[in-house]
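Quick note: this note's numbering has the sequence shown finishing at residue 472, numbered continuously throughout.
Cβ atoms here follow ideal geometry from the backbone N, Cα and C, with glycine treated the same way.
Have a look at the structure below before the remarks.
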Amino acid sequence: MACVGILSCTTTSGSLGDWIVLSNDQAGAVLTQCSRSTPREVAGTWPVPAHVIERLERNLYKLAYVRADQCCFLHGSIRRPREYFRQYVGIVWEGRNFVYINAFRSPDGFPRWQIEAVGVCDGGDDFWGAVYDPERNEFLQLAINGAA
Numbered sequence: 325m326a327c328v329g330i331l332s333c334t335t336t337s338g339s340l341g342d343w344i345v346l347s348n349d350q351a352g353a354v355l356t357q358c359s360r361s362t363p364r365e366v367a368g369t370w371p372v373p374a375h376v377i378e379r380l381e382r383n384l385y386k387l388a389y390v391r392a393d394q395c396c397f398l399h400g401s402i403r404r405p406r407e408y409f410r411q412y413v414g415i416v417w418e419g420r421n422f423v424y425i426n427a428f429r430s431p432d433g434f435p436r437w438q439i440e441a442v443g444v445c446d447g448g449d450d451f452w453g454a455v456y457d458p459e460r461n462e463f464l465q466l467a468i469n470g471a472a
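Okay, structure coming up:
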């Protein structure tokens with residue numbers, strides 16, 4: 325896996341660099357979404373090590389089996405999570421370290437997506453967020469944006 329910058333990597337499938345670990349100063353912006361729920365009462369951030377992201381990426385397919393339990397498309401799912409661009413940020417939540425995933429279908433219109441949080445009102449399943457628990461290697465709290 326080739327990595328540069330602040331941990332911007334291409335996937336092992338050789339795609340076009342479809343994910344990034346954002347700097348911790350972007351956590352507040354990533355967690356401020358106007359049409360979907362995000363974790364509440366986040367106590368802080370943590371620097372996500374490369375091995376955690378590698379494991380998350382290897383297991384990303386499991387997210388397709390998670391049903392949205394947050395606003396706005398309850399019980400909806402993301403069938404092909406790897407088809408989205410993903411921003412990762414380490415959050416301390418409920419006393420433990422997690423990775424928040426902020427995902428969007430296309431970087432068009434977001435020229436700074438590799439350094440700034442993407443936030444969009446509405447947009448439906450083109451935009452979603454989820455939490456990855458590295459300790460349990462599972463995905464939870466999937467939330468899909470509302471539709472206009």
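*Separation of residue 344 from residue 439, as counted between CA atoms*: As a working mapping, residue 439 is identified with position 115 in the sequence shown. As a working mapping, residue 344 is identified with position 20 in the sequence shown. So the alpha carbons of these two residues sit roughly 8 Å apart.
Whole-Å CB distance - residue 416 paired with residue 401, under 8 Å assumed
Numbered from its first residue, the sequence shown carries residue 416 at position 92. Numbered from its first residue, the sequence shown carries residue 401 at position 77. In fact, because the Cβ distance is near 27 Å, the residues do not count as touching under 8 Å.
Contact between the segment 413-429 and the segment 455-462: three or more CB pairs below 8 Å? yes
Notebook entry, point to check: Within this structure, are the beta carbons of residue 346 and residue 413 separated by less than 9 Å?
Noted result: If you number the sequence shown from 1, residue 346 lands on position 22. If you number the sequence shown from 1, residue 413 lands on position 89. A contact, by the Cβ cut-off of 9 Å.
**Prompt:** If you check the beta carbons only, do residue 409 and residue 431 fall under 9 Å apart?
**Reply:** If you number the sequence shown from 1, residue 409 lands on position 85. If you number the sequence shown from 1, residue 431 lands on position 107. Yes, Cβ-Cβ distance for residue 409 and residue 431 is below 9 Å.
List in chain order: all unbroken beta strand (DSSP E) runs of 3+ residues lying wholly within the segment 398-431. 409-417 and 420-428
Practice prompt. Report buried or exposed for residue 435, applying the criterion of at least 16 other Cβ atoms within 10 angstroms of its Cβ.
Written response: Translated into the one-based positions of the sequence shown, residue 435 becomes position 111. Exposed, since its Cβ has fewer than 16 Cβ neighbours within 10 Å.
Exposed or buried, which one is residue 371 when buried takes at least 16 other CB atoms within 10 Å? Reading the sequence shown from its first residue, position 47 is the one you call residue 371. Classification of residue 371: exposed, given that the 10 Å Cβ count is below 16.
* Nearest CA to the CA of residue 461: which residue from 366, 376 and 341? -> For the purposes of this step, residue 461 is taken as the residue at position 137 of the sequence shown. Looking at the Cα atoms, 376 is the closest of the given residues.
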